[in-house]
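First the structure, in the form of structure tokens, and then the observations on it.
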Amino acid sequence: MKNKNNHEFSFTPIGYIKSDFKHRYETPRQGILAGDSISYINLEMGNNFQQAIKELEGFDRIWVIYVFHLNENWKTMVNPPRHLDKKVGVFASRSPHRPNPIGISCVKLEKINGLKIFISESDILDGSPVLDIKPYLPYSDSFPDSSTGWVRTDIGEKYEVDFSASAAEACDWLEKNAEIKLKNFARLQLEFKPDDNSRKRVTKLGDEFELAYRTWRIDYSVDKTNSIVTVSRIRSGYTLEELSSPENKYEDKELHRKFNNDKLHF
């Protein structure tokens, strides 16, 4: 990016985010849609940050300023999720593809334990460097009557996401054996526009749909009349032939073999 004044600034992270959201496609569109997922900011030691956070715990919400650390480029025009038919300027959006990859999120403050600040309703990726924290003040930070430009204020019809008994047990198995939280992922992805494959790894399979999560597959049906999504099955994305092959690009085939063996019990 060109800068005729040749001004550059260097920032040192005050800490890093620890979150369930490891990949960009796992994050909710908005922090308030994150469900019961809890993250925390792990502040760096040796900077006397214990004093810097004094009295912070009295606030319900905080602003977290952080770095979109996985982005390597930026775009002048972007196609936001709520405006698929036309691009808008990056400065008129919240796209992470920015000249300076800086993000800001208003999150709910749950508790503080030493140098760990626990937060919820967050859409920040695991490992994101945190640059600053500020308290949210309703009297100065909230302007509910402001125009929102091109942004639609309604977030669309919300679907209830249910799980069959076997699908729920499979999700519990994956969380216990591999810390993979498929239930939360499925709810985040499917509670709005569950059949939308333009921004999700969704494939239509006859009367059902398939949602991909890494090398796992989530089979589900959509009842549009009653706004209900039913997850019927969790399965491996590998075929039996692929599982028998020595090639193991993602180093997870042993987990899939164990899952296929144990799934006979649920």
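Under our numbering, residues 4 to 269 are what the sequence shown spells out, in order.
Using N, Cα and C, we set each Cβ at its ideal position, and we do this for glycine too.
Small disclaimer: the values here were computed from a predicted structure and weren't measured.
Chain-order list of residues whose beta-carbon lies under 8 Å from that of Y162 (same chain, five-residue window excluded)
The beta carbon of Y162 is closer than 8 Å to those of L193, E194, F195, P197, V225, S230, I231 and V232 in its chain, skipping five residues each way along the sequence.
Please report the straight-line C-alpha distance between S98 and H72, rounded to a whole angstrom.
Near 13 Å, if we compare the C-alpha coordinates of H72 and S98.
May I have the straight-line CA-CA distance separating L112 from S42, to the nearest angstrom?
10 Å
So what does R220 bridge to, in DSSP terms?
A215 and R238.
Please name the residue, chosen from G209, K227 and F166, that lies closest to R236 on a Cα-to-Cα basis.
Among G209, K227 and F166, the Cα nearest to that of R236 belongs to F166.
Near D23, which residues of its chain fall below 6 Å by C-beta distance, leaving aside the five closest residues on each side in sequence?
S40 and K184
For the region 64-99, list the beta strand (DSSP E) runs that are entirely contained and at least 3 residues long, ordered along the chain.
Listed in chain order, the beta strand (DSSP E) runs fully inside the region 64-99 are 64-70, counting runs of at least 3 residues.
Indicate whether S96 and P83 have their beta-carbon atoms separated by less than 8 Å.
Annotated as proximal: S96 and P83, with beta-carbon spacing under 8 Å.
Endpoints, alpha helix (DSSP H) assigned at S169
A168 to A181
Determine, using beta carbons only, whether I17 and V133 come nearer to each other than 8 Å.
yes
G240 vs T206 beta-carbon contact at 8 Å
Between G240 and T206, the C-beta gap is not smaller than 8 Å, which leaves the two residues out of contact.
Starting from P141, trace the beta strand (DSSP E) in both directions and tell me its first and last residue.
Where P141 is concerned, there is no enclosing beta strand (DSSP E), although the alpha helix (DSSP H) it sits in stretches over P141 to D144.
Span of the beta strand (DSSP E) holding D135?
Start and end: P132 to P138.
Thinking L177 and I115 are a contact (beta carbons under 8 Å), I'd like their distance in whole angstroms, please.
No, L177 and I115 are not in contact; Cβ-Cβ is about 31 Å, not under 8 Å.
In three-state terms, what does DSSP make of G61?
helix
Are the CB atoms of I20 and Y139 within a distance shorter than 8 Å?
no
Presumed contact (8 Å Cβ cut-off) between A189 and I221, rounded CB distance
5 Å
Restricting to Cα atoms, I'd like to know which of P147, F262 and G106 is closest to I127.
G106
Report the three-state DSSP secondary structure of F52 (helix, strand or coil).
helix
Endpoints, the beta strand (DSSP E) within which N45 is located:
I41 to L46
For a quick check, are the C-beta atoms of D135 and I68 less than 8 Å apart?
For D135 and I68, yes; Cβs fall inside 8 Å.
First through last residue of the alpha helix (DSSP H) which encompasses K196
Careful: K196 lies outside any alpha helix (DSSP H) and carries neither H nor E.
Straight-line gap, F94 to G159 (C-alpha atoms, nearest Å):
24 Å
Per DSSP, the bridge partner or partners of S123:
BP columns for S123 point to I41 and K111.
Alpha carbon to alpha carbon, how far is C109 from K119? Give it in angstroms, no decimals.
The alpha-carbon separation between K119 and C109 amounts to approximately 17 Å.
Euclidean distance between Cα positions of M48 and T15
In a straight line, the C-alpha of M48 is about 13 Å away from that of T15.
Per-residue DSSP class, three states only, for K186:
helix
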